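Same order as they appear, the protein sequences are chains A and B.
Take 18 as the starting number for the first sequence in our numbering and just add one per residue.
Take 18 as the starting number for the second sequence in our numbering and just add one per residue.
What follows is one structure encoded as structure tokens, with my remarks underneath.
There are 2 protein chains.
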Amino acid sequence: MTSAVREAPPAATVIEEVLPQVDGGRFAIKRVAGELVTVTASCFAHGHERVACVVRYRGPGDSGWHEVPMEALGNDAWSASFSVDRVGRWEYAVACWIDHLTHWRDDFARRVDADDLRLAARVGADLVAQSSALCSSDDCEKLEPWARILREEKDVERLRTVAMDESLFELALANAPRDNLATTQAFPVWVDRERARFSTWYELFPRSCSTEPGRHGTFADVDERLDSIASMGFDVIYLPPIHPVGYDKRKGKNNAVASEPGDVGSPWAIGSREGGHTEIHPQLGTLKDFRHLVMAARARGMEIALDMAFQCAPDHPWVTEHPEWFKHRPDGSIQYAENPPKKYQDIYPLDFDSENWRGLWEALRDVMLFWVEQGVNIFRVDNPHTKPYPFWEWAIAEIRREHPEVLFLAEAFTRPHVMHRLAKLGFTQSYTYYTWRTSKQEITEYFTELSQDESREYFRPNCWPNTPDILALQLRNAPLAAFRLRYVLAATLAANIGIYGPAFELGDNRPREPQSEEYLDSEKYQLRHWHLTRGDSLAPLIARVNRFRREHPALQSDWSLAFHTADNPNVICYSKRAGDDRVITVVNLDPYHAQSAWIHLDFDALGLDTGMAYDVHDALTGDTYHWYGAHNFVILDPARTPGHILSITF
Amino acid sequence: MTSAVREAPPAATVIEEVLPQVDGGRFAIKRVAGELVTVTASCFAHGHERVACVVRYRGPGDSGWHEVPMEALGNDAWSASFSVDRVGRWEYAVACWIDHLTHWRDDFARRVDADDLRLAARVGADLVAQSSALCSSDDCEKLEPWARILREEKDVERLRTVAMDESLFELALANAPRDNLATTQAFPVWVDRERARFSTWYELFPRSCSTEPGRHGTFADVDERLDSIASMGFDVIYLPPIHPVGYDKRKGKNNAVASEPGDVGSPWAIGSREGGHTEIHPQLGTLKDFRHLVMAARARGMEIALDMAFQCAPDHPWVTEHPEWFKHRPDGSIQYAENPPKKYQDIYPLDFDSENWRGLWEALRDVMLFWVEQGVNIFRVDNPHTKPYPFWEWAIAEIRREHPEVLFLAEAFTRPHVMHRLAKLGFTQSYTYYTWRTSKQEITEYFTELSQDESREYFRPNCWPNTPDILALQLRNAPLAAFRLRYVLAATLAANIGIYGPAFELGDNRPREPQSEEYLDSEKYQLRHWHLTRGDSLAPLIARVNRFRREHPALQSDWSLAFHTADNPNVICYSKRAGDDRVITVVNLDPYHAQSAWIHLDFDALGLDTGMAYDVHDALTGDTYHWYGAHNFVILDPARTPGHILSITF
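Laid out in structure tokens, this is it:
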């Protein structure tokens with residue numbers, strides 16, 4: 018017995034290999050507003066059945082799905098693109114069904130016998146009638162007459178002509194029932210604002226911004242620096258923690274276990290009787306001063322990024338207000354950070370897994386919301402990998418629920434899986450291994466991975482030649498030429514970059530110990546006074562490079578990166594491209610000696626025809642060269658220039 | 018307010034990249050009984066937390082899970098293997114948790130301060146007490162005293178020694194609570210009997226087995242052939258459909274539209290007044306005769322495989338009994354098979370999507386179950402890709418529910434996605450493109466894909482140099498040398514192979530038309546009488562090759578295939594390996610001329626040290642060569658031998 022509504026067998030259509038996706042849709046792919054999402058999938062049915070398929074998508078606030086038809090790429094592969102025009106959570110799915118109408122028409126066109134044609138036309142008439150029944154536009158009234166002719170016309174030649182009517186066919190097709198419809202799950206897309214993809218960071222310690230040596234800097238001092246930072250072309254100013262610094266177990270200069278009177282301690286030892294994560298260090302200024310700084314930066318096209326370091330000094334208010342948020346040792350004392358035999362007694366980690374974990378998680382979320390309310394839309398998160406992943410996934414989603422514009426940079430210099438997990442669960446950008454990748458082979462392999470692997474769908478690199486924690490080997494006791502080449506590399510390889518300044522532009526190259534990545538007299542533990550107007554400052558070079566980055570869309574995203582051959586292991590050559598904007602960079606990796614090379618450009622990667630003549634204009638020197646074809650000669654003297662950053666004109 | 022049972026935060030452990038798996042566990046990976054499943058996954062937690070992880074698995078009939086600990090491979094990758102020792106559906110999952118004990122011990126070993134050590138020992142005591150509480154074996158009584166010493170011992174050196182006790186540590190570890198436990202979904206494994214992986218098929222038309230020209234062959238005639246087929250080393254005898262052949266619209270010789278009196282028609286035009294898919298063609302014999310043949314084959318170590326062709330001749334009983342199982346044209350007639358303008362009026366396809374689809378699906382399942390009951394455990398399924406995928410997935414699962422030993426070979430020579438889908442949804446083996454892959458590059462690329470791609474987890478190739486439908490270009494009007502080399506290639510490249518005989522061993526090379534893949538006077542439409550004792554029959558070569566396949570485990574599976582360099586495009590060299598059994602094959606792809614080559618063996622792939630001397634014994638000629646190192650010279654004259662099949666001895 019068949020019930021009134023027919024129970025259909027499972028859909029015979031198949032949708033496989035939907036890309037892009039991250040872990041089967043468990044995590045979102047990432048885009049910025051204005052970009053395209055190009056979806057590919059394998060869609061097919063059995064036998065000679067034809068399929069039609071669409072990408073369905075919807076953005077934040079959309080009540081229903083939009084659809085875009087997929088086009089056949091051959092071999093059962095299909096593709097369609099849609100644009101994500103605003104920030105927030107989007108999703109897409111693929112739907113596929115059996116296309117009886119196209120199958121019918123293709124067969125009809127090949128039929129020969131008159132009787133066969135007349136019968137087949139009647140089959141077509143039934144299909145058209147089905148479309149007619151579902152059709153609701155004004156045009157739809159054309160379908161029924163078409164079906165009638167197909168059913169009744171006896172003249173075979175007329176039938177042929179009528180059956181092949183293109184516009185009626187398209188109308189019927191657009192309104193055909195979707196037989197054997199299969200639909201995939203929805204795959205999420207997180208859409209950020211553009212700065213997620215293209216940003217230029219400048220890290221500075223506000224307390225070292227005083228114009229008088231020895232005086233603790235203030236937000237007002239930072240205000241005074243804004244014009245010069247803006248003139249170097251930075252758009253994010255990242256401040257290490259601005260909160261009260263603990264007094265208890267405070268570290269001395271150069272990380273001495275005991276501090277001297279007057280020592281300022283580490284800004285990452287957060288909290289004292291003066292307050293915790295929502296307070297401002299009294300010597301920096303007031304909340305009002307901070308908000309002024311945020312607005313003053315914004316007026317210059319820059320943003321203030323704050324450091325979120327979720328840990329406490331022993332005199333942080335939470336230690337007494339919420340002792341349950343910390344791990345206790347068997348003697349009742351609070352467990353300080355340690356990596357035996359090393360002890361970090363000035364830092365108490367938080368216990369994300371305590372009985373009152375919800376209370377802590379919510380408090381930390383509220384810390385971030387507090388700063389969002391002060392106008393902070395970018396967080397640089399300190400050591401996110403030492404906190405449980407589910408916390409970040411929850412907390413980032415919580416912030417973004419109301420504030421989808423907030424960006425998060427993960428400071429996790431650790432194992433690849435851990436860094437990738439943080440990127441998957443929501444961090445917008447990630448610090449990278451660039452800081453330690455120096456040889457031509459290392460750079461080529463690493464940036465090929467960053468720009469071409471599937472992980473690019475969620476892992477957005479942010480490349481730093483130095484940080485307050487990392488005076489990298491190639492900068493240690495190194496000449497300014499080394500700083501120059503590391504900046505040019507970062508700025509042309511990666512759309513998101515940053516430096517820790519003024520240590521960088523002034524070429525601070527002194528390690529605490531010969532083999533240490535720590536700076537001597539590091540700002541992490543003491544005030545520094547920087548001679549910003551020094552004649553050999555890299556500020557002009559940095560300004561020139563950053564201006565070029567702003568003028569050239571090619572350098573504002575990462576996926577187009579392509580490496581080209583250079584016949585000298587000390588010379589590296591690569592390009593990026595956005596539409597007609599093409600940038601070729603050639604860098605001498607040796608900061609001590611001039612190096613020359615024949616370079617061989619991959620014209621396919623550049624989207625150029627071989628054998629053409631073109632001009633290349635060097636953004637660093639202002640020189641223009643007339644080049645012809647793929648082979649060209651370069652000679653680079655590090656005393657004069659770290660490399661060529663070449664734009665192409667014809 | 019906290020409820021009595023603590024609500025824990027989501028598990029902080031992560032399990033990613035579980036392999037092998039097919040479409041996220043939607044389909045089963047395949048193994049045969051006795052093989053290993055080696056599972057790898059990325060497992061990690063945050064910060065310095067250590068994780069432990071296991072593979073859980075269970076086989077048919079198991080009431081609970083078994084566990085095998087995973088071992089760290091470095092970089093957060095882990096691995097473990099388990100053996101699948103019986104046929105049926107298995108499944109596995111990965112579980113991961115935070116290993117506080119190991120973390121504690123590693124830290125403890127690095128601690129220096131006495132007070133620090135005493136406090137840390139008390140932390141350890143608490144962990145050991147937790148293990149003790151969960152422990153149930155006799156040994157467990159050792160844990161509590163251990164915890165007590167850790168808690169109370171004041172002497173730091175004694176504490177160090179006691180804390181590092183290896184066996185107590187292992188005991189505590191094995192019984193530790195699984196904090197932050199994460200578990201993946203279960204991933205299915207379908208385990209077949211060994212013939213799924215290693216089989217040698219011989220296809221023959223029973224009606225052509227008569228010893229008298231012109232007489233319709235019988236099962237009794239096939240009985241008479243069994244010894245000679247067994248002596249050639251085949252283990253599966255595949256029979257085209259053995260059912261009554263339709264009379265209505267019966268095809269004549271060479272696929273003539275009209276048959277002459279006495280024409281036997283195509284066995285794939287199934288069904289007549291004499292019966293349908295569960296009947297036997299009266300001229301072949303009775304069901305009893307068939308069962309006798311099945312048993313007689315089995316007695317010689319062979320199996321009878323039946324063709325399942327789910328379509329009907331116009332006079333099949335179902336056409337009148339179940340007209341609703343067929344599509345009807347607008348004039349009420351039943352829709353025959355067609356590919357306009359071609360019409361196949363002797364064949365009515367079944368409508369798998371009709372109102373009464375359940376009735377049809379169940380009837381087709383029952384057809385297969387009927388033949389299983391007659392002793393048939395292998396089906397070669399005709400054109401499965403022209404039926405909906407959900408039907409096969411359902412039907413194969415239905416058969417296997419009671420009969421997990423049944424194997425299904427998919428005869429789908431179509432697009433890659435379609436063939437792969439059929440393999441995923443349950444077909445045991447699949448015909449391949451081998452029939453058309455002839456050049457060194459084609460063979461190298463295709464067999465690298467078949468043996469190394471992820472699809473090998475579900476797609477088991479079965480390679481045929483010819484079929485009744487495909488007289489491939491390289492065999493058309495070709496010398497016997499071409500047949501020899503195509504057999505040697507198949508037999509050494511693929512563990513599952515088959516030929517359509519006697520056309521193959523007698524070198525039938527005559528196409529119906531010059532450019533046709535159809536045989537002239539094809540057995541598909543008429544009786545043939547074969548001169549089996551012809552002096553130039555390839556039977557002795559086939560027997561020699563097949564004996565070698567049985568003696569050498571290396572040739573009984575596909576994943577070890579590795580190609581080696583030969584400096585002549587007409588000479589191909591590759592090896593397979595199973596433990597100490599290594600087989601190197603060198604084939605001259607040119608059936609007309611002698612070819613020589615220097616071959617360069619990849620000793621890593623062979624698991625051999627370079628620079629060693631060894632003997633290679635040729636299974637085809639019986640010659641032995643003394644080889645040294647990787648470079649060796651071969652010369653192959655097709656008049657004498659198609660190649661070398663070399664086993665290595667030391």
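Glycine included, each C-beta is placed from N, C-alpha and C at the ideal position.
Computed from a prediction, not measured in an experiment: that's the story for all the values here.
- When secondary structure is reduced to three states using DSSP, A/Q573 falls in the helix class.
- Going by DSSP, A/P205 is part of the beta strand (DSSP E) stretching over F204 to D209.
- For A/L53, the three-state secondary structure derived from DSSP is strand.
- For the pair A/E241 and A/I516, the CB atoms are not nearer than the 8 Å cut-off.
- Using a CB distance cut-off of 8 Å, A/Y406 counts as an interface residue toward chain B.
- A straight-line Cα-Cα distance of about 28 Å links B/V71 and B/A138.
- Taken through DSSP and simplified to helix, strand or coil, A/W107 comes out as strand.
- A/I460 carries a helical assignment under DSSP once its states are collapsed to helix, strand and coil.
- Residue state for A/S539 is assigned as coil, using DSSP reduced to three classes.
- Here the alpha carbons of B/C480 and B/I514 stand approximately 5 Å from one another.
- When Cβ-Cβ separations below 8 Å define contact, A/T403 makes contact with chain B.
- Within chain A, the residues placing a beta-carbon under 8 Å from that of B/L136 are R346, P347 and D348, ordered along the chain.
- Counting along the chain, B/S533 sits inside no alpha helix (DSSP H), nor does DSSP assign it H or E at all.
- When 7 Å is used as the limit between beta carbons, B/A29 is near these residues of chain A: P405, Y406 and P407, in chain order.
- Judged by beta-carbon spacing, A/L424 lies within the 8 Å limit of A/I395, meaning their Cβ atoms are closer than that value.
- Its Cα nearest to that of B/W453, the residue B/T484 stands out among B/A316, B/D348, B/T484 and B/A273.
- One alpha carbon belongs to B/A112, the other to A/H402, and they sit about 21 Å apart.
- Here B/R210 is actually not in contact with B/V101; their C-beta atoms are around 11 Å apart, not less than 8 Å.
- No Cβ-Cβ contact shorter than 8 Å links B/D265 with B/P366.
- Under the three-state reduction of DSSP, A/I246 is assigned to helix.
- Three or more beta-carbon pairs separated by less than 8 Å link the stretch 305-324 of chain A to the stretch 245-256 of chain A, which places the two stretches in contact.
- Ranking A/P223, A/R493 and A/H260 by CA distance to the CA of A/P334 puts A/H260 first.
- Against chain A, the CB of B/P194 has no partner CB under 8 Å away; the residue lies outside that interface.
- Not flagged as an interface residue toward chain A: B/F620, since no C-beta distance is shorter than 8 Å.
- Annotation: Cβ neighbours of B/F61 in chain A (cutoff 7 Å, chain order): H434 and V435.
- Annotation: the continuous alpha helix (DSSP H) that includes B/S184 extends over E183 to A191.
- One finds nothing in chain A with a Cβ atom closer than 8 Å to the Cβ of B/E174; even the nearest lies about 17 Å away.
- By alpha-carbon distance to B/R477, the top candidate from B/A25, B/K47 and B/L36 is B/K47.
- Collapsing the DSSP output to three states places B/T449 in coil.
- Under the Cβ criterion of 8 Å, A/D538 is not counted among the residues facing chain B.
- If you draw a straight line from the Cα of B/H298 to the Cα of B/G292, it comes to about 8 Å.
- In terms of CA proximity to A/G288, A/M325 leads the group A/G596, A/K305, A/V274 and A/M325.
- The beta-carbon separation of A/I32 and A/A199, rounded to 5 Å, stays under the 8 Å limit for a contact.
- By the Cβ criterion, the stretch 619-636 of chain B is in contact with the stretch 593-605 of chain B, since at least three pairs of Cβ atoms, one from each stretch, lie closer than 8 Å.
- Distance from the Cα of B/D575 is smallest, within the candidate group B/R232, B/Y463 and B/V588, for B/Y463.
- The residues Q491, in chain order, have a CB closer than 6 Å to that of B/T455 in the same chain once the five nearest residues on each side in sequence are set aside.
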